[in-house]
Amino acid sequence: MTAHIAVTRERRADETRVAATPDTVKKLIGLGFAVTIEAGAGEAASYPDADYAAAGATIAPAAAQALANADVVLKVRAPSEPEIASLKSGAIVVALLNPHVDKTALDALAGKGATCFAMEFVPRITRAQVMDALSSQANLAGYRSVIEAAEVYGRALPMMMTAAGTVAPAKVFVMGAGVAGLQAIATARRLGAVVTATDVRPAAKEQVESLGAKFVAVEDEEFKQAETAAGYAKPMSEEYQAKQAALVSEHIRKQDIVITTALIPGRAAPRLVSAEQVASMKPGSVIVDIAVEQGGNVAGSKLGEVAEVGGVKIVGYPNLAGRIAADASNLYARNLLAFAGLLMNKEGALAPDYEDEILKAALVAKDGAVVHPALKA
Ligand code: NAD
Numbered sequence: 000m001t002a003h004i005a006v007t008r009e010r011r012a013d014e015t016r017v018a019a020t021p022d023t024v025k026k027l028i029g030l031g032f033a034v035t036i037e038a039g040a041g042e043a044a045s046y047p048d049a050d051y052a053a054a055g056a057t058i059a060p061a062a063a064q065a066l067a068n069a070d071v072v073l074k075v076r077a078p079s080e081p082e083i084a085s086l087k088s089g090a091i092v093v094a095l096l097n098p099h100v101d102k103t104a105l106d107a108l109a110g111k112g113a114t115c116f117a118m119e120f121v122p123r124i125t126r127a128q129v130m131d132a133l134s135s136q137a138n139l140a141g142y143r144s145v146i147e148a149a150e151v152y153g154r155a156l157p158m159m160m161t162a163a164g165t166v167a168p169a170k171v172f173v174m175g176a177g178v179a180g181l182q183a184i185a186t187a188r189r190l191g192a193v194v195t196a197t198d199v200r201p202a203a204k205e206q207v208e209s210l211g212a213k214f215v216a217v218e219d220e221e222f223k224q225a226e227t228a229a230g231y232a233k234p235m236s237e238e239y240q241a242k243q244a245a246l247v248s249e250h251i252r253k254q255d256i257v258i259t260t261a262l263i264p265g266r267a268a269p270r271l272v273s274a275e276q277v278a279s280m281k282p283g284s285v286i287v288d289i290a291v292e293q294g295g296n297v298a299g300s301k302l303g304e305v306a307e308v309g310g311v312k313i314v315g316y317p318n319l320a321g322r323i324a325a326d327a328s329n330l331y332a333r334n335l336l337a338f339a340g341l342l343m344n345k346e347g348a349l350a351p352d353y354e355d356e357i358l359k360a361a362l363v364a365k366d367g368a369v370v371h372p373a374l375k376a
């Protein structure tokens, strides 16, 4: 029996991405799936219905029709309440479910009997790199953060020597040098800025330097131990944070643009820039807080706004990847395509192997209950 995939339009107001592209539809059909796309699902990401139809998808007029027959639902975000109500019992849902935070949606999905996989929980092992949606989206968010900064900054980023005088290059400081931060560094360098960066993980130092930026951090014993086995940052002690803050304070007041990207999985984002540090910056300086949706790295950043504090602009746009929707959808859809491949057996029938280490790590709800150990109360 052919397994049916549904892709619906995203319901969240600022969500412009879509979970499949005409290209991935073709490949999903190649894997043995039948694919239904809700009309208009790809519109905000510049993928028209006609291209999905040409790739072999059925276009459904509304989400309920697309979902009624779906064995697998691919989404960017968690399905909305009406979408959950329309799910077939036992349907598989794969999305960026934000499971540490969006417990309401997860409970509703579990209550409906859906089998749910959170793309955030795909392990960072070599075999799963092609499914690493956190990386594919963070990379684009890092790029976009610099474009947003350049847009509100009233000066140029590169040095320019003109007959009328010299334009100085912008000084850009990137705080948090993970996937997003490294791409922000590379982008700011390409635009000609003088770039420095910091992180609490010692492994970041070499990566920052290999991109031609200078590394700025307190490199004590705690710093040398600050990386978990999974490659993520640990929460730092108050003592370390105080030392680092003193070093950063001295540095930040000389910067034109600060981009903050620091996250700790499953926790609120660490506060990296205080109100005093914001006040120390020159009028016209710009801060972009990529972590604004996780509580923010910067004092005074406001979700969805460009806040102005003493002449300093703090950009708090959510979903930066969604502001580059066509590429973000393209890469995310490819992450999902690779993941969907794990749900099929060799004969092209829907038969997820729940012992597979990727599926096991990403599984968050099954048989009416939330099952992931990190999410159980
Ligand atoms: P993330 O999004 O969880 O956090 C962003 C960055 O913020 C990290 O570099 C983190 O160290 C940093 N940070 C946290 N607290 C901080 C603080 N107080 N001050 C300054 N910086 C702080 O991280 P990420 O982008 O997902 O990447 C984490 C690591 O995983 C990186 O080393 C990355 O290269 C690695 N990675 C590995 C794979 C893989 O092996 N498949 C894939 C992606 C990323």
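Going by numbering that gives the first Met the number 0, the sequence shown opens with residue 0, and the numbers climb by one from there. The beta carbon of each residue, even a glycine, is placed where N, CA and C say it ideally should be.
State the Cα-Cα distance for the pair residue i and residue j, rounded to the nearest angstrom.
| i | j | result |
| --- | --- | --- |
| Leu456 | Phe116 | The question about residue 456 has no answer, for the chain in this structure spans 0 to 376. |
| Ala52 | Leu30 | 17 Å |
| Thr57 | Lys345 | 25 Å |
| Ala241 | Asp219 | 13 Å |
| Arg188 | Asp70 | 46 Å |
| Asn329 | Tyr316 | 21 Å |
| Leu342 | Met235 | 39 Å |
| Ile28 | Thr195 | 46 Å |
| Val247 | Val370 | 41 Å |
| Glu249 | Ser273 | 13 Å |
| Leu73 | Leu271 | 35 Å |
| Thr103 | Ala368 | 13 Å |
| Ala225 | Glu205 | 15 Å |
| Ala109 | Lys253 | 50 Å |
| Lys301 | Glu354 | 43 Å |
| Leu96 | Thr259 | 23 Å |
Considering only C-alpha positions, which residue in the set the options is nearest to residue i?
| i | options | result |
| --- | --- | --- |
| Ala268 | Ala244, Ile256, Gly295 and Ile258 | Gly295 |
| Ala38 | Asp355, Ala62 and Leu27 | Ala62 |
| Glu221 | Ala228, Pro201 and Val370 | Pro201 |
| Gly265 | Gly112, Asp101 and Ala350 | Asp101 |
| Ile184 | Val257, Leu302 and Ala298 | Val257 |
| Leu105 | His250, Ala77, Ala216 and Leu302 | Ala77 |
| Met158 | Gly191, Leu139, Ala140 and Glu14 | Gly191 |
| Tyr142 | Asp366, Asn318 and Asp355 | Asn318 |
| Lys111 | Asp355, Ala2 and Ser79 | Ser79 |
| Gly383 | Glu14, Val6 and Met0 | A question about residue 383 goes unanswered here, because the residues of the chain that appear run from 0 up to 376. |
| Ser279 | Glu356, Ile251, Ile289 and Lys359 | Ile251 |
| Val217 | Glu238, Lys87, Thr227 and Leu95 | Glu238 |
| Ser209 | Ala33, Glu226, Lys223 and Gln182 | Gln182 |
| Met0 | Ala361, Thr227, Ala33 and Arg11 | Ala33 |
| Glu275 | Gln293, Asp255, Val297 and Ile263 | Val297 |
| Ile81 | Ala244, Ala43 and Arg11 | Note that residue 81 is Pro in the sequence shown, not Ile. It is Arg11. |
Could you give the C-beta distance for residue i and residue j, rounded to a whole number, given that I count them as a contact under 8 Å?
| i | j | result |
| --- | --- | --- |
| Ile323 | Ile286 | Not confirmed; about 20 Å, so no contact. |
| Val173 | Gly180 | 5 Å |
| Gly299 | Val291 | Contact flag wrong, Cβ pair sits at about 11 Å. |
| Leu374 | Val363 | 6 Å |
| Leu156 | Ala149 | 6 Å |
| Val277 | Val311 | 6 Å |
| Pro21 | Ala54 | 4 Å |
| Val215 | Thr186 | Between Thr186 and Val215 the Cβ distance is about 19 Å, and since that is not below 8 Å, they are no contact. |
| Thr35 | Ala2 | That pair is no contact at about 12 Å. |
Check this for me: beta carbons of residue i and residue j, under 7 Å apart or not?
| i | j | result |
| --- | --- | --- |
| Ala327 | Ala320 | yes |
| Glu119 | Val75 | no |
| Val207 | Ala232 | no |
| Ala332 | Ala132 | no |
| Ile124 | Ala107 | no |
| Ala378 | Ser135 | This structure cannot speak to residue 378, because the chain is shown only from 0 to 376. |
| Gly175 | Ala229 | no |
| Lys170 | Val193 | yes |
| Ala49 | Val17 | no |
| Ala67 | Ala90 | no |
| Phe65 | Ala127 | Residue 65 is actually Ala in this sequence, not Phe. Contact flag unset, no. |
| Ala140 | Ile289 | yes |
| Gly153 | Gly283 | yes |
| Val24 | Ala361 | no |
| Ala137 | Val92 | no |
Could you pull the start and end residues of the alpha helix (DSSP H) that residue i belongs to?
| i | result |
| --- | --- |
| Val178 | Val178 to Arg189 |
| His250 | Glu237 to Ile251 |
| Gly110 | Lys102 to Gly110 |
| Thr23 | Pro21 to Leu30 |
| Ala149 | Ala132 to Val151 |
| Ala325 | Ala324 to Gly340 |
Hey, could you find the ends of the beta strand (DSSP E) residue i is sitting in?
| i | result |
| --- | --- |
| Thr125 | Neither: Thr125 is in no beta strand (DSSP E) and is coded neither H nor E. |
| Glu307 | Val305 to Val308 |
| Ile58 | Thr57 to Ala59 |
| Thr259 | Ile256 to Thr259 |
| Ile4 | Ala2 to Val6 |
| Val297 | Run containing Val297: none; DSSP gives neither H nor E here. |
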